[in-house]
Amino acid sequence: MGDGSPLGGVPGAFGRGEEEDPMTGQAVRYRLGYEGMDVRLLAEERIEATVPPSAEIGEGERSGFWFELRDDQECVLYRRVLATPFSAEHEVYDQESGTPSRVAGAPASGTLWLLVPSFPDARQLVVHGSPPEIERRAEAARELVRFDIGAGR
């Protein structure tokens with residue numbers, strides 16, 4: 001897929017030219033469950049909502065966490081960048097000085113809600129993320145999981 005970058009060198013529509021304004025109308029809310037970096041699609045619900053604008057994060061490798069809607073030609077229809085839910089670290093405070101620091105902990109688990117515009121040609125929900133360990137969080141993100149959505153699944 002593409003040039004090996006986390007974005008796969010795929011051209012994107014990035015919200016159909018709506019980068020500046022939120023999109024109002026039909027939307028889809030996906031509920032994902034995760035344990036560590038194992039992600040499962042639990043539910044999808046069509047709703048009326050205002051969706052945040054799509055993000056364009058540029059070419060090349062990037063660290064972080066984001067998800068994308070793609071069509072059957074691998075074009076990015078919508079992309080959102082979020083704080084990683086997979087953090088394997090915790091903030092602790094020194095008892096004497098009160099100074100905070102980050103320490104390694106158990107991998108996170110929980111539920112993640114993703115709100116996206118309802119594009120008729122959306123076929124895949126793709127989730128990307130960097131490793132959650134403190135010493136690796138600046139590494140390039142990779143595709144974590146891809147779910148078939150939309151027509152023909």
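First residue of the sequence shown: 1, per UniProt numbering; consecutive thereafter.
Glycine residues also receive a C-beta, built at the ideal position from the N, C-alpha and C atoms.
Model, not experiment: these values are computed from the prediction.
In this structure the stretch 51-60 lies against the stretch 21-30, because at least three pairs of beta carbons, one per stretch, are closer than 8 Å. Taking 7 Å as the cut-off, the beta carbon of Pro117 is found closer than this to the beta carbon of Ala27. For Leu115, the CB contacts under 7 Å within the same chain, skipping 5 residues up- and downstream, are Ala27, Arg29, Ala49 and Val51 in chain order. When the Cα atoms are used, Glu35 and Pro107 turn out to be separated by approximately 7 Å. Cβ atoms of Pro85 and Leu112 come within 8 Å of each other, at about 5 Å. DSSP places Glu44 in the uninterrupted beta strand (DSSP E) bounded by Asp38 to Val51. For Arg137 against Ser63, the beta-carbon gap comes to about 7 Å, under 8 Å, which counts as contact. When the Cα atoms are used, Ala104 and Met37 turn out to be separated by approximately 15 Å. Cβ-Cβ separation between Arg70 and Val126: approximately 6 Å, consistent with a contact (criterion under 8 Å).
One alpha carbon belongs to Gly58, the other to Ile134, and they sit about 25 Å apart. Following the DSSP letters along the chain, one finds Glu89 inside the beta strand (DSSP E) bounded by residues Glu89 to Tyr93.
Distances from the alpha-carbon of Phe67 to those of Gly60, Leu82 and Cys75 put Leu82 closest.
The residues Leu32 and Gly33, in chain order, have a CB closer than 7 Å to that of Arg40 in the same chain once the five nearest residues on each side in sequence are set aside.
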